[in-house]
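With our numbering applied, the sequence shown corresponds to residues 4 to 166, in that order.
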Amino acid sequence: FGGSPMCKAFSPWQRINRAKSAHPEKFDAEKESGRKHLEFVRRLYEIQDQAGRLFLHEHPLEASSWDEECIQKIMALPGIEYVDMDQCQYGLLTPSDADRSKLVPALKPTKWLTNSQVMSEQLSKRCDGSHQHQHLTGGRCKDAAFYPLPLVRSILKLSLIHI
């Protein structure tokens, strides 16, 4: 079971946008909504874990959601693992600055939280440094707001191990 909510409210970009905004209350409301979703998935993760079933949670590595109390509670449970990975290792590509028709790797550091040792081992790939990265600026965050197909395939294969 994966329950990762949208990360927008917890992103570093939103912290910057809030600081510059004439209406920070809009950002606060979005973050509060995100907190409610995080609390909801925390309860689901606990149910999954207590029943011996798999759960998998993901957010960008620098998302402030990792500091939320409800996520910290899950991270502190026995048998829960969390790992960092870079999505470029699973084929994440975004449009180039110079030529939007050309796709180049995007690093997108990501953290995973799971009760599966197999999942944590397989999702801990960090960039091998064999390529240049495209920064996720200029609208590219939106282009990277999905899992690349090789990552989806890896998660599905790993999920089959748990069935």
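Note that beta-carbon positions come from the ideal geometry of N, C-alpha and C, so glycine has one too.
For H136, there is no enclosing beta strand (DSSP E), as DSSP gives it neither H nor E. Judged by their CB atoms, T97 and L154 are not nearer to each other than the 8 Å cut-off. Apart from the 5 residues on each side of it in sequence, C91 sits with its Cβ closer than 8 Å to the Cβ of P108, A109, L110, K111, C130, H134 and H136 in its chain, given in chain order.
In the DSSP assignment, W16 falls outside any beta strand (DSSP E) and lies within the alpha helix (DSSP H) extending over P15 to K23. Taking a cut-off of 8 Å on C-beta distances, the stretch 65 to 81 touches the stretch 6 to 19, as three or more cross pairs fall below it. In this structure, C73 keeps its C-beta atom at 8 Å or more from the C-beta atom of E33. For L57, no beta strand (DSSP E) run applies, since DSSP gives it neither H nor E. Scanning the stretch 32 to 112 from its first residue to its last, the whole alpha helix (DSSP H) runs of 4-plus residues come out as 72 to 78. For K160, the three-state secondary structure derived from DSSP is helix. Apart from sequence neighbours up to five positions away, the residues of its chain that approach D146 with a beta-carbon distance below 7 Å are T97 and P98, ordered along the chain. By the CB criterion at 8 Å, V86 and S119 fall outside the cutoff. The three-state reading of DSSP puts K128 in coil, since its state is none of H, G, I, E or B. Secondary-structure assignment with DSSP links K114 through a beta bridge to H62 and D87. Non-local C-beta neighbours of V121 in its own chain, meaning closer than 7 Å and more than five positions away in sequence, comprise L161 and I164, ordered along the chain. In this structure, DSSP gives S123 a helical state, which the three-state scheme calls helix. Annotation for C144: the continuous alpha helix (DSSP H) segment containing it runs R143 to D146.
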